[in-house]
């Protein structure tokens with residue numbers, strides 16, 4: 041492990057050695073039934089300069105939390121191959137905002153090799169940018185949220201669904217019903233029209249970054265290009281908002297970056313950092329696919345139920361619009377999905 045990161049990235053490295061847990065990973069039935077010890081060695085590429093001045097843990101990567109996440113992966117959901125296990129460990133490390141790259145060595149010293157041996161080790165190196173810019177080997181599930189509160193809102197949402205379906209590398213596989221919510225503005229800002237919102241499930245052959253670019257292109261086709269985005273106020277009115285919520289089970293982020301109007305790489309965080317607290321996202325999503333998983337939070341239906349328990353008015357203020365049917369949606373089925381998601385038979389406007 042020593043030098044793996046330093047040879048490719050100039051900077052500071054935090055190393056964790058000998059993290060271990062009993063897991064049930066492997067192809068053989070006996071491996072799944074009996075389990076065995078897996079060991080991980082980790083090198084984290086970090087920038088320690090701020091913490092070195094402030095002496096504040098909040099400015100550092102808390103390696104105790106990283107260690108706990110690694111052990112949780114080692115002891116968690118079984119996989120066949122340690123290649124997959126190493127990739128999951130790397131993703132767990134990169135989920136920590138201060139980690140820009142990671143080298144992971146996973147040891148399987150009790151592997152069923154059949155001849156005398158000391159150890160089996162796989163080492164992988166992953167960078168934050170790799171996760172966001174890599175094209176998947178096969179299409180992955182992705183979810184995007186749509187919103188509009190200017191112009192013919194229903195027509196804009198319908199056109200956005202059609203635009204996504206027409207994008208090379210994307211297949212629309214599910215469209216939620218439409219909900220309506222009051223716009224959220226900054227204190228003292230001018231009142232805005234209400235939003236129409238919906239969620240679209242995709243199969244994406246694009247990298248996460250290219251998926252974001254595709255969503256930005258759909259926004260631009262409806263009058264919200266890079267020039268408009270550059271001057272619009274935060275939480276201002278929108279002709280169209282297309283947000284990437286999830287891309288597979290990926291947990292990754294990069295820092296604030298330039299918009300892609302000049303060809304630069306737009307900043308991206310997966311899953312969307314506010315997806316789990318936005319009722320106007322969770323209500324239609326849970327109605328469409330209650331068993332979908334929001335990485336790091338759990339089943340969408342459960343996340344919605346937790347939000348409803350913590351802030352009932354936020355969910356009650358989401359109003360169903362069954363009179364608006366988007367291409368590919370199932371207006372008869374999505375309402376029953378809401379009842380399953382929230383444990384209620386009432387409509388969203390009355391507390392679902």
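Numbering (my numbering), first residue to last: 41 to 392. Heads up, the beta-carbon is just placed ideally off N, CA and C, and yes, glycines get one too.
Best match in the options for proximity to residue i [C-alpha to C-alpha]
{"i": "residue 122", "options": "102, 145 and 108", "result": "145"}
{"i": "residue 164", "options": "176, 74, 314 and 143", "result": "143"}
{"i": "residue 290", "options": "103, 83 and 136", "result": "136"}
{"i": "residue 168", "options": "131, 182 and 193", "result": "131"}
{"i": "residue 179", "options": "288, 330, 359 and 368", "result": "288"}
{"i": "residue 100", "options": "89, 335 and 107", "result": "89"}
{"i": "residue 260", "options": "109, 234, 204 and 308", "result": "204"}
{"i": "residue 166", "options": "337, 223, 60 and 128", "result": "128"}
{"i": "residue 117", "options": "194, 75 and 191", "result": "75"}
{"i": "residue 335", "options": "181, 206 and 252", "result": "181"}
{"i": "residue 258", "options": "206, 232 and 190", "result": "206"}
{"i": "residue 147", "options": "63, 85, 94 and 92", "result": "63"}
{"i": "residue 224", "options": "358, 313, 368 and 68", "result": "358"}
Whether residue i touches residue j by CB criterion (7 angstroms)
{"i": "residue 280", "j": "residue 200", "result": "yes"}
{"i": "residue 55", "j": "residue 83", "result": "yes"}
{"i": "residue 216", "j": "residue 327", "result": "yes"}
{"i": "residue 249", "j": "residue 213", "result": "no"}
{"i": "residue 247", "j": "residue 175", "result": "yes"}
{"i": "residue 354", "j": "residue 319", "result": "yes"}
{"i": "residue 125", "j": "residue 65", "result": "yes"}
{"i": "residue 151", "j": "residue 161", "result": "no"}
{"i": "residue 364", "j": "residue 218", "result": "yes"}
{"i": "residue 236", "j": "residue 220", "result": "yes"}
{"i": "residue 139", "j": "residue 59", "result": "no"}
{"i": "residue 339", "j": "residue 331", "result": "yes"}
{"i": "residue 366", "j": "residue 344", "result": "no"}
{"i": "residue 57", "j": "residue 87", "result": "no"}
{"i": "residue 283", "j": "residue 312", "result": "yes"}
{"i": "residue 252", "j": "residue 310", "result": "no"}
For residue i, three-class secondary structure by DSSP
{"i": "residue 52", "result": "strand"}
{"i": "residue 157", "result": "coil"}
{"i": "residue 198", "result": "helix"}
{"i": "residue 314", "result": "coil"}
{"i": "residue 278", "result": "coil"}
{"i": "residue 256", "result": "helix"}
{"i": "residue 297", "result": "Residue confidence is low: residue 297 scores 43 on pLDDT, short of 50, so the model does not pin down where it sits. Its coordinate-derived value is still stated next. If DSSP states are grouped into helix, strand and coil, residue 297 belongs with coil."}
{"i": "residue 331", "result": "coil"}
{"i": "residue 85", "result": "strand"}
{"i": "residue 303", "result": "With a pLDDT of 44 at residue 303, under the threshold of 50, the modelled position of this residue cannot be trusted; read the value that follows with caution. In the structure shown, residue 303 sits in coil (DSSP, three-state: anything other than H, G, I, E or B)."}
{"i": "residue 353", "result": "helix"}
{"i": "residue 348", "result": "helix"}
{"i": "residue 321", "result": "helix"}
{"i": "residue 358", "result": "coil"}
{"i": "residue 338", "result": "strand"}
{"i": "residue 204", "result": "helix"}
{"i": "residue 283", "result": "strand"}
{"i": "residue 98", "result": "helix"}
{"i": "residue 292", "result": "strand"}
Assumed close pair residue i, residue j - CB separation to whole angstroms, cut-off 8 angstroms
{"i": "residue 77", "j": "residue 149", "result": "7 angstroms"}
{"i": "residue 171", "j": "residue 292", "result": "4 angstroms"}
{"i": "residue 244", "j": "residue 187", "result": "20 angstroms between Cβ atoms; not a contact."}
{"i": "residue 285", "j": "residue 184", "result": "6 angstroms"}
{"i": "residue 233", "j": "residue 277", "result": "7 angstroms"}
Span of the beta strand (DSSP E) around residue i
{"i": "residue 210", "result": "210 to 215"}
{"i": "residue 188", "result": "180 to 188"}
{"i": "residue 221", "result": "219 to 221"}
{"i": "residue 146", "result": "141 to 147"}
{"i": "residue 241", "result": "235 to 244"}
Residue range of the alpha helix (DSSP H) that includes residue i
{"i": "residue 104", "result": "103 to 114"}
{"i": "residue 128", "result": "122 to 134"}
{"i": "residue 171", "result": "168 to 173"}
{"i": "residue 72", "result": "69 to 74"}
Cβ of residue i within 7 angstroms of any chain C Cβ
{"i": "residue 243", "result": "Structure shown: chain C not included; a single protein chain is present."}
Near the ligand ZN: residue i beta-carbon under 6 angstroms from a heavy atom
{"i": "residue 105", "result": "Ligands are entirely absent from the displayed structure, and the ligand ZN is therefore not among its contents."}
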